[in-house]
Structures are given as C-alpha cells and as structure tokens.
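This report refers to the structure that appears directly beneath it.
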Amino acid sequence: MFVVAGAGAAGLSAAYEIRRRGTDPIVVEAADRAGGKIGTDEQDGFLTERGPLALLDRTGDLARLCGELGLSRLYASSAAKERYVERDGTVYALPRGPGDFFRTGLLDGAEKLSLLAEPVRRRSPPDASVAHFFGRRLGKAGPFLGDAVQTGIYAGDPDSLEMASSFPQLFQLEQRHGSILRGLLAARGGKRTSLSSFRGGLRELVDALAKAVGPGLRLETRVLGIAKQGAGFRLQLEDRSGRGEMVADKLVIALPAPQAAEVLSGIAPRLAERLRALTAAPISLVHLAARTEDLGPMQRGFGVLRPGTPVVGALFPGALFPGRAPAGSVLISALVGGARHASVASRPDGELVELVRTELKMTAMPRLLRVVRWSHALPQYLRGHAGRIAEIEQLAAGYPGLELAGAFYRGVSVIDCLRDGARAASRLNP
Ligand SMILES: Cc1cc2nc3c(=O)[nH]c(=O)nc-3n(C[C@H](O)[C@H](O)[C@H](O)COP(=O)(O)OP(=O)(O)OC[C@H]3O[C@@H](n4cnc5c(N)ncnc54)[C@H](O)[C@@H]3O)c2cc1C
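Spelled out as structure tokens, the structure:
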C-alpha cells in the first residue's frame with residue numbers, strides 16, 4: 258500500500274504522481290477539505306483566497322500539469338507589474354528595471370550612487386544572510402531592498418534568512434556571474450514568466466488534483482503516530498468513527514515539519530528532533546471590502562510591501578484577476594504578523610481590522626469579510642538551512658520507503674511544493 262499523509266500541494270502532487278505511475282495511493286488528510294494552505298472562498302460577490310493568490314511558473318511545470326488536468330489558467334493583468342513598497346511611512350512604486358533605481362524617490366542620492374559598484378563587489382559567502390547578500394551587492398540601499406524582496410515571500414527577518422536556500426536562483430546568478438546585474442544581462446531574452454490563477458481561484462487546482470487522485474483521498478483522517486511494521490510502516494489514524502490503523506509499504510509524509518516531527522517521534526526520534534528545528538512565521542490573512550475612494554492609487558497595482566511592519570503587505574486581488582470583487586468595491590487582502598511581529602497575528606479579528614485600517618491610512622472603516630489564521634504560514638529558511646536539510650535527508654534515508662515533502666524543505670511556493678511531492682513519489686516508485 259502506498260500512503261500519503263497530508264493533502265496540501267505537496268501531498269496531492271505526490272499522490273497524483275503515484276497514480277500517474279500506475280498505483281492507486283491512499284491519502285489521509287486531517288482537515289475536511291483537501292488543499293492545505295490553498296483554498297478559495299466566496300462571500301457577497303467577493304472571491305477570497307485562504308493562502309496563496311497566484312502562481313509563478315518559471316519552469317513550465319504548472320503549464321504541463323494544467324494541460325494534463327484539463328485546467329485553463331487565468332493570467333494576471335498588467336497590474337501585476339505595478340507593485341508598491343512603503344518606506345518610512347511613504348509609498349513608492351517599486352522599480353521595475355535597473356534604470357528605475359536611479360529615477361525613484363525610494364532611494365536617496367548616496368544609496369543610488371552605491372548601487373553603481375554592484376558589478377565589482379566580491380561574491381557572497383555560502384552562508385550569507387539575505388541582509389548580508391543584498392548589502393554586499395547593492396551597497397547602502399541593499400539591506401532595505403533585500404528586506405522588501407524577502408517580505409513578499411517569507412515575511413521573515415532578513416538577518417536570519419539564509420540567502421542560498423531562500424533565493425537559490427538569485428544566489429546562483431551571483432555565484433556564477435560574480436554580479437546580479439551581469440547575471441541578469443546574460444539571462445536576458447530568456448523565457449518570460451507570468452503570474453496566473455484560475456477563474457474560480459486556486460481551489461480549481463486543488464479540486465482537479467483531488468479528482469485525479471481518485472477515491473483514495475480520505476478527509477477528516479488524522480495521522481496520530483507511525484510505527485515500524487516489517488519492512489514498512491503502521492499508521493495510527495483517527496477519523497470520525499474513532500481510531501484505527503493502516504499499513505503502508507511506502508509512505509510520503511507531506512505534513513508541515515512540526516506535525517511531521519510529532520508523528521515520527523516514536524519511530525525516528527533523531528529525525529523528529531531535526532524537524533522540530535525548522536520554523537515558520539505566522540500570518541493572519543485579513544480580507545476586507547472597501548470603497549474604491551477609500552484607498553490611494555496603489556489599489557490599481559498588485560499590492561504594497563511593508564518591510565519591518567506588522568502589516569507586512571496588502572494585496573489587491575481584483576486588480577490582477579477579474580471577478581474577485583463586485584463593481585465599486587475593492588478587495589484588500591492584508592497579511593499581518595510575520596517573523597518579526599509574530600504575536601500581532603494572533604490578535605482578535607476587530608483589532609486586526611483596526612490595525613490594517615490605521616497602517617494603510619484608509620479614510621473609512623473597511624468591512625471585514627474574513628480572517629484566515631495560519632500559525633505556521635511561511636517556513637523560514639534560516640541560516641544553516643541547507644545543512645539542516647542535508648542532515649534530515651540523511652536521517653530519513655535510514656528509513657527505506659519513507660519520503661518527506663512540502664514547503665519546509667526545498668522551496669515554499671506552491672509550484673515548489675508540487676515539484677517536491679512529485680519528487681518524493683518518483684523516488685519511492687521509480
Ligand atoms: C498567507 C499565505 C500566502 C501565500 N502566498 C503564496 C503565493 O501567492 N504563491 C505561492 O506560490 N505560494 C504562496 N504561499 C505558500 C504556499 O501556499 C505554501 O507553502 C504551500 O501551499 C504549502 O503546501 P504543503 O503541501 O507543503 O503544506 P500544507 O498546505 O500546509 O499542507 C499540509 C496538509 O497536512 C495536513 N495535516 C497536518 N497534520 C496532519 C496530520 N497529523 N494528519 C493528516 N493530515 C495532516 C494539513 O491539514 C494540510 O492539509 C502562501 C502561503 C500563505 C500561508
């Protein structure tokens with residue numbers, strides 16, 4: 258029996274790949290729906306996402322998967338290129354190309370001047386933090402720009418995040434070419450990538466994968482623990498009818514690392530201990546309805562990044578995709594919390610709304626549509642991450658038939674997780 262624990266992006270993708278290779282898997286998922294962090298809700302004419310809003314397909318993996326699943330993608334409007342960033346209380350358009358960095362009011366004269374030395378600065382050490390990397394490459398403006406870049410993906414602490422693990426492509430570009438600018442120039446003319454979703458939101462992807470996985474998907478079924486059973490594993494499960502067991506020859510654990518640690522603690526205490534060292538930042542996603550006139554011109558764009566503040570960003574999904582908000586209304590999806598303001602994420606709904614209103618300087622009180630709370634929203638690839646993952650992989654190799662997959666290990670985006678799930682499946686079923 259081939260079992261997958263967890264039906265988020267990684268688990269669904271692992272199960273889909275197993276089925277594609279001719280075996281019917283069982284997928285056990287604690288929640289009453291598949292998708293994990295991915296999910297779409299409808300309310301009063303608004304379409305809101307529970308976590309991710311859009312996917313960036315750099316490799317063509319998503320295009321291939323959508324082709325197989327018969328899904329048609331909805332590409333983001335040109336507003337996706339219009340992004341804003343807040344610095345010391347002022348909102349600026351984010352520079353789009355190298356030339357914009359010298360025209361923007363976001364940087365002062367000394368910061369602009371120090372950008373010029375980027376091509377001649379030394380390469381970063383392999384364990385550089387995000388702040389160190391950007392500081393070295395971009396000079397005086399580096400720490401702020403690096404913070405803005407990481408905020409949009411990790412809502413983390415740039416001094417703690419490991420550059421090579423958090424931004425592997427950018428890090429490799431620098432290592433290969435000795436400069437980001439030279440690397441970007443060399444890559445010019447490469448494939449253009451664009452953000453996409455689906456007309457009904459990202460739920461469409463989950464529904465299509467769940468359908469393709471077939472009858473083996475068991476919702477409201479929680480893994481409580483895992484024991485050894487001959488050459489395989491015995492899973493202790495709990496569902497609505499009570500407790501039970503299931504035997505697996507091959508097992509993909511596609512749970513967030515803290516839960517993976519919990520279920521593995523009996524059978525693999527050292528592996529569980531290493532998994533517990535992997536952390537994630539909490540985010541409360543606050544979906545608000547506002548009138549068009551209550552917000553400034555930034556609502557035309559993708560959203561605003563707010564590095565170092567408790568409202569780490571606000572997105573305007575209606576500017577990217579049609580049908581997200583009724584006419585005359587703006588949907589604001591604000592991300593509150595992150596690694597540097599973790600406790601703010603757990604404030605009550607009313608306080609979150611008030612905070613977002615104040616921080617975004619809205620002229621009228623918005624209407625709360627819903628708050629989605631994630632205690633382990635965005636994994637943090639802290640310095641030493643690459644070493645920790647190598648150790649986890651080595652320890653996991655001591656349990657043949659077992660694979661770990663998901664956002665805590667080798668990439669946090671949905672597409673990274675889809676790829677990681679498929680990787681786990683192909684390793685177990687070559
Ligand atoms: C607010 C937010 C915004 C984001 N924005 C984007 C974006 O725009 N683009 C992008 O690409 N990525 C984005 N991400 C990241 C991306 O959505 C996630 O990293 C990815 O979806 C995680 O997938 P996963 O399969 O690793 O884990 P999860 O989605 O967490 O899935 C794990 C599953 O395991 C289940 N589970 C847990 N414990 C048990 C148990 N004991 N037994 C059985 N099942 C269990 C859970 O219920 C869950 O369904 C965002 C994330 C968040 C939180």
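Residue numbers (the numbering used here): 258 to 687. Even glycine gets a Cβ: it sits at the ideal position worked out from N, Cα and C.
Regarding LEU322 and ligand 1, is the C-beta to nearest heavy atom distance less than 8 Å? Not a single heavy atom of ligand 1 lies less than 8 Å from the C-beta of LEU322.
Measure how close the beta-carbons of LEU466 and LEU326 come, nearest whole angstrom, since I'm counting them as under 8 Å. A Cβ-Cβ separation of about 7 Å places LEU466 in contact with LEU326 under the 8 Å criterion.
Look up GLU660 in the DSSP assignment and give the residues it is bridged to. Answer by DSSP bridge pairing, in chain order: VAL509.
Considering only heavy atoms of ligand 1, does any lie closer than 8 Å to the CB of LEU312? It does: the Cβ of LEU312 is within 8 Å (strictly closer) of some heavy atom of ligand 1.
Which one of PRO687, ALA679 and ASP673 has the shortest CA to CA distance from ARG315? Checking every option, the nearest Cα to that of ARG315 belongs to ASP673.
Near TYR638, what residues of its chain come up, given a Cβ to Cβ distance below 7 Å and the 5 sequence neighbours on each side ignored? Beyond the five residues adjoining it in sequence on each side, TYR638 comes within less than 7 Å, by CB distance, of LEU418, GLU419, SER422 and SER423 in the same chain, given in chain order.
Going by C-alpha to C-alpha distance, which of GLU616, ALA664, LEU310 and ARG475 sits closest to ALA288? That would be ARG475, whose Cα lies nearest to the Cα of ALA288.
Check whether ASP384 and ARG684 have beta carbons under 9 Å apart: No. Outside cutoff.
Are the beta-carbon atoms belonging to ALA664 and LYS294 less than 9 Å from one another? Between ALA664 and LYS294, the CB-CB gap stays under 9 Å.
Cα-Cα, which of LEU588, LYS618, HIS389 and LYS338 is closest to SER453? Ranking the options by Cα distance to SER453, first place goes to LYS338.
Output the distance between the C-alpha atoms of ALA266 and VAL671, rounded to the nearest integer angstrom. CA-to-CA, the gap between ALA266 and VAL671 works out to about 6 Å.
Taking the beta carbon of PRO579 as the centre, do at least 16 other beta carbons fall within 10 Å, making it buried, or is it exposed? Looking at its Cβ environment, which holds fewer than 16 other Cβ atoms inside 10 Å, PRO579 is exposed.
Mapping the DSSP letters down to three states, classify MET503 as helix, strand or coil. Residue state for MET503 is assigned as strand, using DSSP reduced to three classes.
What are the boundary residues of the alpha helix (DSSP H) that includes LEU635? Annotation for LEU635: no alpha helix (DSSP H) segment contains it, though the beta strand (DSSP E) segment containing it runs 624-637.
Residue span of the alpha helix (DSSP H) that contains PHE391, given as start and end: Where PHE391 is concerned, the enclosing alpha helix (DSSP H) stretches over 387-395.
How big is the Cα-Cα spacing for THR478 and ARG497? For THR478 and ARG497, the distance between alpha carbons rounds to 8 Å.
HIS434 - containing alpha helix (DSSP H), residue span: If you look at HIS434, you'll find it in the alpha helix (DSSP H) that goes 425-434.
By Cβ distance, which residues of its chain are closer than 7 Å to VAL561, with the 5 residues on each side in sequence left out? For VAL561, same chain residues with a beta-carbon under 7 Å away, outside a window of 5 residues either side, are TYR341, VAL342, GLU343, VAL348, MET555, GLY570 and ALA571 in chain order.
Would you call GLU306 buried or exposed, if buried means 16 or more other Cβ atoms sit within 10 Å of its Cβ? The residue in question, GLU306, is buried, as its Cβ has 16 or more Cβ neighbours within 10 Å.
My assumption, with CB atoms under 8 Å, is that VAL593 sits in contact with ILE540. Please give the rounded CB distance. Here VAL593 really is in contact with ILE540; their C-beta atoms are around 7 Å apart, less than 8 Å.
Quick check: what's the CA-CA separation for LEU402 versus PRO415? LEU402 and PRO415 have their C-alpha atoms spaced approximately 10 Å apart.
How about ARG479: is its Cβ closer than 8 Å to a heavy atom in ligand 1? Taking 8 Å as the cut-off, one finds at least one heavy atom of ligand 1 near enough to the beta carbon of ARG479.
GLY523: beta carbon under 8 Å from a heavy atom of ligand 1? No.
Beta carbon of GLY487 nearer than 9 Å to that of ALA336: Contact: no.
Ligand 1 and VAL377: does any heavy atom of the ligand fall closer than 8 Å to the residue's C-beta? Checking the Cβ of VAL377 against ligand 1 gives no.
Whole angstroms is fine: what's the gap from LEU635's alpha carbon to ARG439's? Between the alpha carbons of LEU635 and ARG439 lies a distance of about 31 Å.
Going by DSSP, what residue range makes up the alpha helix (DSSP H) through PHE578? For PHE578, there is no enclosing alpha helix (DSSP H), since its DSSP letter is neither H nor E.
Supposed contact pair SER381 and GLU431 - C-beta distance, whole angstroms, cut 8 Å: At roughly 6 Å, the Cβ-Cβ gap stays under 8 Å, so GLU431 and SER381 are in contact.
Does the beta-carbon of GLN516, which I'm using as the reference point, lie nearer than 8 Å to any heavy atom of ligand 1? Placement of the Cβ of GLN516 at a distance of less than 8 Å from at least one heavy atom of ligand 1 is found.
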